[in-house]
Every structure is written in C-alpha cells, then in structure tokens.
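Novice:
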Ligand SMILES: C[S@@+](CC[C@H](N)C(=O)[O-])C[C@H]1O[C@@H](n2cnc3c(N)ncnc32)[C@H](O)[C@@H]1O
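Numbering (the numbering used here), first residue to last: 1401 to 1799.
(1) Is the beta carbon of residue 1570 closer than 8 angstroms to that of residue 1513?
(2) Tell me whether residue 1542 sits in a helix, a strand or coil according to DSSP, three-state version.
(3) Here's the rule I'm using: 16 or more other beta-carbon atoms within 10 Å means buried, otherwise exposed. How should residue 1574 be labelled?
(4) Assuming residue 1417 is part of the alpha helix (DSSP H), what are its boundary residues?
(5) Below 7 angstroms, is the gap between the Cβ of residue 1482 and the nearest heavy atom of ligand 1?
(6) For residue 1566, count neighbouring Cβ atoms within 10 angstroms of its own Cβ and tell me buried if that reaches 16, exposed if not.
(7) Alpha helix (DSSP H) containing residue 1521: first to last residue?
(8) As a quick exercise: from 1707, 1667, 1751, 1549, pick the residue whose alpha carbon is nearest that of residue 1737.
(9) Quick check: is any heavy atom of ligand 1 less than 7 angstroms from the C-beta of residue 1514?
(10) Secondary structure at residue 1584, three-state DSSP: helix, strand or coil?
(11) Applying the 10 Å Cβ sphere with the 16-neighbour rule, what's the burial state of residue 1581?
(12) Given 7 angstroms as the limit, tell me if residue 1615 has its C-beta closer than that to any heavy atom belonging to ligand 1.
(13) Cα separation between residue 1410 and residue 1732?
(14) Kindly indicate which three-state DSSP category residue 1560 falls into: helix, strand or coil?
(15) Who does residue 1565 pair with in a DSSP beta bridge?
(16) If I follow the unbroken beta strand (DSSP E) through residue 1643, where does it start and stop?
(17) On the criterion of 16 or more Cβ atoms from any shown chain inside 10 Å, does residue 1416 qualify as buried, or is it exposed?
(18) I'd like the span of the beta strand (DSSP E) that includes residue 1465, first residue to last.
(19) So, with DSSP's three-state summary, where would you put residue 1789?
(20) Rounding to the nearest angstrom, what Cα-Cα distance links residue 1515 and residue 1584 in this structure?
(21) If we ignore side chains and look at the alpha-carbon of each, how far apart do residue 1587 and residue 1776 end up?
(22) With H, G and I counted as helix, E and B as strand and the rest as coil, what does DSSP make of residue 1632?
(23) So, do the stretch 1599 to 1614 and the stretch 1631 to 1647 have three or more beta carbon pairs nearer to each other than 8 angstroms?
(24) For the stretch 1474 to 1500, list the alpha helix (DSSP H) runs that are entirely contained and at least 4 residues long, ordered along the chain.
(25) Check each candidate in 1649, 1663, 1670, 1621 and name the one with the smallest Cα separation from residue 1655.
(26) Please report the straight-line C-alpha distance between residue 1762 and residue 1463, rounded to a whole angstrom.
(27) Where does residue 1574 sit, in a helix, a strand or coil, going by DSSP?
(28) Measuring CA to CA, which of 1666, 1657, 1741, 1597 is closest to residue 1509?
(29) Quick check on the DSSP output: the alpha helix (DSSP H) that includes residue 1597 runs from which residue to which?
(30) Tell me the residue span of the beta strand (DSSP E) that contains residue 1430.
(31) Specify the secondary structure class of residue 1615 as computed by DSSP and reduced to three states.
(32) By DSSP, does residue 1684 sit in helix, in strand, or in coil?
(33) Return yes when the Cβ of residue 1594 is within less than 8 angstroms of the Cβ of residue 1520, no when it is not.
(34) Nearest-angstrom Cα distance between residue 1626 and residue 1618?
(35) Within 7 angstroms: the Cβ of residue 1490 and any heavy atom of ligand 1?
(36) For residue 1725, which residues from the same chain have a beta carbon less than 8 angstroms from its beta carbon, with the 5 sequence-adjacent residues on both sides left out?
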C-alpha cells in the first residue's frame, strides 16, 4: 500500500529556507509546490524516514536531500546561441581585441551552464573567430547539478536545444547516428575543447578566464547571494576579459569592471592594464530599486511577482507564466516591466494581436516619462529601453 505523506506549511518553509541557502535562490523564486513534491519523493524513496528525520538531514546538509532540493528549485532552461548578440560581440569585438593584445589563450567559463548548450556555443564561437591565430581555446562549463552535466558530457541534443530564437551562428553539430531522430551531436573539435565540472556559484572558482558567461542564473538569486556570486565571477576574470550576464541578472555592476557594448547586453570588461588590481575601481552604482533619485515609485512591490513569472517562463510553463503576468499587470497596472514581459510572452506564443495591444500599452504608460528615468524592475532600466523595445516590435509587425 502506498504511504500517505502530509507535509505542513512549516516543514515546507524550513525546506525552502534550506534550498535558498544551498543555491542562493531568493525565496520568491522557490516554488513551494516543487519543494513539496521533492520532499514527498524523498520520503517515498526512504520509507523509514519520518518528517523529522527529513528536517534533521536537511539541517545537516545530507547529500541526497541537498541534491533533491537543488534539483527542485533549479531551472535548466537553455538552448544554443541564446542571446545571439552576446556571441556577435565576442566574434566582432572581444576576440579581435584579445588577439591584438597578445593574450596567451582564450579560456571561457560558462557558469551555470545547465545541459551545456551555452558552453558548446561559446566553444564554436571562439574556435571560429580565432581560427588561424594559433591561440588555444578551452571552455569550462559548470553547474550545480550533476544531472545537467551528464547531458552536457554526452553532447547529444534534440530540437528543443535548437530553437529559432538561437540562430546557429557558428557550426557546432551534425546529425546524430541513425536511429536518433531529430538528434544532433556536437562536432569533434568543439567537443574536444569543452569540459564540464560541478561547481556552486556561491563558492570561489580557481583559475582565470578571458570570457565568463553567467546568464539567466542570478536573476533567481537573493541580493546577498548574487553579490557573493558576482564577486567570485569577477575575481576569475583575466585582464582584457569580459563577464557577460543576462539582461535581468544583476542590478549593480561588478566592482572594478567597466561596462562595454550596449547597456542591455550587460557586458563588463576588466581593463587590460590591470594585471591584478590591488583595489577595485568603484563604479557609480546603478540605483537600487527604491533608492535612486529619479526612480519612478510603485504602490505595491511587483518585483517578486515578476521574478516568479520569470521562473515559469524559464521552465516553459506557458499557463503559469500567463497567469502570473496577468496577476502582475492587474495588481500593479502601471508596472511597465510587467506589461513588456506580457507583450514578449505573447510574441513568443505567436499571439500577435495581444502582443501589439501590450506593446502599445507600454508606449501609452511611458509617453509622459523622461526617457532617462529609471523604472523599478528586477533590474532598473531607463524608460528609453521600454519605449525602444515596443517601438521596434510595432514597426516590424506593421510592415
Ligand atoms: C536557466 S539555466 C541557464 C543556462 C544558461 N546559462 C543559459 O543562459 O542558457 C540556470 C542554470 O543555473 C544553475 N544554477 C542555479 N543555481 C546555481 C548555483 N548556485 N551554482 C551553480 N549553478 C547554479 C541551474 O542548475 C541551471 O542549470
């Protein structure tokens, strides 16, 4: 007979706290239902454990429990050449600059690499853009979950890893052996320069890298955990190197680094002349959501709900993303980042009319705001960013 397991809210709270400490995730980005499912699965797999045993093991950071909790909160969404402009920046700007500077090698780190698509995209991009230079290329992919790294080490991928939003900018795979319909295998030279290891971003990283990608990971982190991870990432960046984040990942630029490229690309460089900076050069911080002098205030704090929606979007949960964004825009109708997020979701779902309506709403809500005023969101961004995004979409969709 199957065991009936009831878990009260206090137990779920304790387990969620632990998951947050283990991963760096903010409590808003942890779904109680996912924690509940993981706990029930653990208790079913270990019939002699009581709920108290589970909590004790959680407090002791028992390996099996820690792994199950990390797996429950983790979002492994990824695909080849995601955010293609980052790869264009590497090929057109960074690699030529590093070649001119006579760097001894091109070493890249894909931090929070999930199942490896980002690490292999980096390898293909660096190999192709440095071809003929004689420079050794290597890519390290790290993740919190061994399960992800096992997929990466196999180097065989299906259709979901090759989405239209990630154009194949550099050749990196070929059709897999017969019998594996729609599967591709990473090309030998790309696979040879990549390796994968377990690593938690809350721990320091040994080594130095010319390129570090840490994209779509810190968006889920609590602010303190994010600062720790950013410090570790920046410490591993070689002179002249670039540290690259997703557009929603950080709200304060990494100390000692200099922004490069378009602001929405979130690329930060270590100046070449600073072989080992004794003291980081402080950059003027981007104002935190409540503190900036020109920040536009909100009646209700919408960012946690926005982050929750991002978790659903990353998980590919269409219904939950739509519901959460609908709740967000109903509860805080003036929250422009939420309106743009809803518009973008409609675009991805092919719902053109709904997308047009939402993009027009972005324009309407921002028409009286100064272009350089910062809007509160997971990341403070200027009004011009929202207006440009909406105008570009509307221009293209009415052509
Ligand atoms: C959404 S995926 C992003 C994958 C890839 N960077 C991309 O942008 O396509 C986030 C990955 O970060 C990993 N992750 C989450 N917390 C982490 C931590 N504390 N240390 C290392 N990796 C972590 C997750 O396991 C997951 O595979």
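Even glycine gets a Cβ: it sits at the ideal position worked out from N, Cα and C.
Bear in mind that the values here come from a model prediction, so they are computed numbers and not experimental data.
Specialist: On the basis of the data shown:
(1) By the CB criterion at 8 angstroms, residue 1513 and residue 1570 fall outside the cutoff.
(2) Residue 1542 falls in the strand class under three-state DSSP.
(3) Burial state of residue 1574 is exposed, judged by a 10 Å Cβ sphere holding fewer than 16 other Cβ atoms.
(4) The continuous alpha helix (DSSP H) containing residue 1417 extends over residues 1409 to 1423.
(5) Between ligand 1 and residue 1482, a heavy atom-to-CB distance of less than 7 angstroms is present.
(6) That one is buried.
(7) From DSSP, the alpha helix (DSSP H) with residue 1521 extends over 1517 to 1529.
(8) Among 1707, 1667, 1751, 1549, the Cα nearest to that of residue 1737 is on 1707.
(9) Yes, Cβ of residue 1514 sits closer than 7 angstroms to a heavy atom of ligand 1.
(10) The answer is strand: DSSP assigns residue 1584 an E or B state.
(11) The residue in question, residue 1581, is exposed, as its Cβ has fewer than 16 Cβ neighbours within 10 Å.
(12) Using a cutoff of 7 angstroms, the CB of residue 1615 counts as near ligand 1, since one of the ligand's heavy atoms is closer than that.
(13) Each residue's Cα considered, the two are about 30 angstroms apart.
(14) Three-state result, residue 1560: helix.
(15) According to DSSP, which records beta bridges pairwise, residue 1565 is partnered with nothing at all.
(16) Its beta strand (DSSP E) spans residues 1637 to 1645.
(17) Buried is the call here.
(18) Careful: residue 1465 lies outside any beta strand (DSSP E), inside the alpha helix (DSSP H) at 1463 to 1473.
(19) Of the three classes helix, strand and coil, the one that applies to residue 1789 here is helix, per DSSP.
(20) Computed Cα separation, rounded: 14 angstroms.
(21) Cα to Cα, the separation comes out at about 43 angstroms.
(22) Per DSSP, reduced to three states, the secondary structure at residue 1632 is helical.
(23) Result yes; three or more Cβ-Cβ pairs closer than 8 angstroms.
(24) Here the runs fully enclosed are 1484 to 1489, 1495 to 1500.
(25) Checked all of 1649, 1663, 1670, 1621; the closest Cα to residue 1655 is 1670.
(26) Between residue 1762 and residue 1463, the C-alpha separation is close to 47 angstroms.
(27) Strand.
(28) Nearest option by C-alpha distance: 1597.
(29) Residue 1597 -> not in any alpha helix (DSSP H); beta strand (DSSP E) instead, spanning 1594 to 1598.
(30) Bounds of any beta strand (DSSP E) do not take in residue 1430, whose DSSP letter is neither H nor E.
(31) Of the three classes helix, strand and coil, the one that applies to residue 1615 here is coil, per DSSP.
(32) Per-residue confidence for residue 1684 stands at a pLDDT of 34, beneath the threshold of 50, marking its modelled position as unreliable; the derived number appears in the next sentence. Coil.
(33) Contact flag set, yes.
(34) It is roughly 6 angstroms from the alpha-carbon of residue 1626 to the alpha-carbon of residue 1618.
(35) No; taking the cut-off as 7 angstroms, the Cβ of residue 1490 has no heavy atom of ligand 1 nearer than that.
(36) The beta carbon of residue 1725 sits closer than 8 angstroms to the beta carbons of 1709, 1738, 1741, 1742, 1745 from its chain, once the five residues preceding and following it are set aside; these are given in chain order.
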